[in-house]
Amino acid sequence: MKRSHRSDHERGATLLSVLLIIVLMSTAALAATDALARSVSVSRVSASRADSFWATRGALSVGETFVNEVLAKTDGALTPDSLLFREPIVFAYSRGTISVRFYEATNCLNLNALSLGDDEASAGSVSPDQFHRMLEGAGLFNSEAQHLVDSLSDWMDADTSPRASGAEDGAYGGRAIPHRTPGQRLVSISDLRAIDGFTPDVMNEISNLICVRSRSDDAPLNINTLTADQAPLLAARFSDELSTSEAEQLILSRPEGGWLNVGEFLLSRDVASIAPELRRDSALSIRSDQIGAAISIASDTGTIRIDATYGRGTDGIYVLQGSNRRSG
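Read in numbering that gives the first Met the number 0, the sequence shown has 129 at position 130, and its numbers run on one by one without any break.
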């Protein structure tokens, strides 16, 4: 009986050992499976990101090619009915579809071209009065418009003395996130969110009239693609003698197919009465020097949205000038 009891005990110990080994092997197998799953997931994410990167590069390249193909036939001349603006380009790639919609990006007042003073470093092709007049034309009160002009000027100029309605370091030091004025031109349109006076409501009123480009980039307006709500822009950039309402009427009465040239525009009744020395004819054109593209890349992992800008060089060729990812 004692021998039998020992055998049962040994068999029990052996069974426990086997069970322990099975548990350890199962745990190791689960860990290996989990690691493999994570590895596969990481590989899929990496592959998706790589595909998105190349899809973006491809979309930007296709956009540049299409812009040049279309505008080569018209030497850059554009109207709202141009082929470029009719329908977006849609094409497939390995993980989904890409859509490229083009829009006019020429017609705006470049805030980096704002003149900040008389010295060479502060000079600009857009006067504070032009900017002020455009803001008033957009519906802002005189005092509100002056505050925006002065605040923006103080933000960009090199000194620390605030203008009459402006804001220098002292105005920003007490904010929830204190900061200083940078004393340099804007990097992007989003910089305006940090400048005193440029509230969301104000931005909604003027976003279709302004842009941020290099300081020297003050492209003429394309009179054939201006929209009625951009009348303040036309009035401010062309002549102080042209009212916003007159500018709006000019745009609304534009000939079908657009003006043949700037000379024909200058013969319009409300324009012909303005003395040549009171006009800025060089601010107008029938060509578009800047074309924007809204790119959407849709895949099984979501949608990437990108804004791109193509600029016209002195040789007439449009090249990609910049792109950035946007939300929404």
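Glycine is no exception: its CB is placed at the ideal position from the N, C-alpha and C atoms.
Asked, Found
"Beta-carbon proximity list for Arg132, same chain, < 6 Å, skipping 5 on both sides", "Ala235"
"Residue range of the alpha helix (DSSP H) that includes Gly262", "Val261 to Leu265"
"Simplified DSSP state of Ala227, which is helix, strand or coil", "helix"
"DSSP state of Val41 mapped onto helix, strand, coil", "Here the model assigns Val41 a pLDDT of 48, short of 50, so the residue's position is not dependable and the matter cannot be decided."
"Buried or exposed (CB count within 10 angstroms, at least 16 for buried), Gly75", "buried"
"Rounded straight-line distance, which links the Cα of Ser238 to that of Tyr309", "28 Å"
"C-beta atoms of Leu249 and Leu259 nearer than 9 Å", "no"
"Closest by C-alpha distance to Leu70, when choosing among Asp288, Ile296 and Thr302", "Asp288"
"Same chain only: Cβ atoms within 7 Å of Ala122, ignoring 5 sequence neighbours per side", "Ser114"
"Boundaries (first-last residue) of the alpha helix (DSSP H) holding Thr243", "Thr243 to Leu251"
"Reference Ile285; option with closest CA among Ser93, Lys72, Phe264 and Val125", "Phe264"
"Contact the stretch 56 to 64 vs the stretch 94 to 104: 3+ CB pairs below 8 Å", "yes"
"Counted within 10 angstroms of its Cβ, other Cβ atoms place Asp195 as buried (16 or more) or exposed", "buried"
"Nonlocal neighbours in the same chain, by C-beta distance under 8 Å from Ser187, ignoring five residues either side", "Val211 and Asn323"
"According to DSSP, residues forming a beta bridge with Val99", "Ile88 and Ile294"
"Environment of Gln129 [buried if 16+ CB atoms lie within 10 Å]", "buried"
"Close Cβ partners of Asp118 (< 7 Å) along its chain, the five nearest in sequence each way excluded", "none"
"Per-residue DSSP class, three states only, for Val318", "strand"
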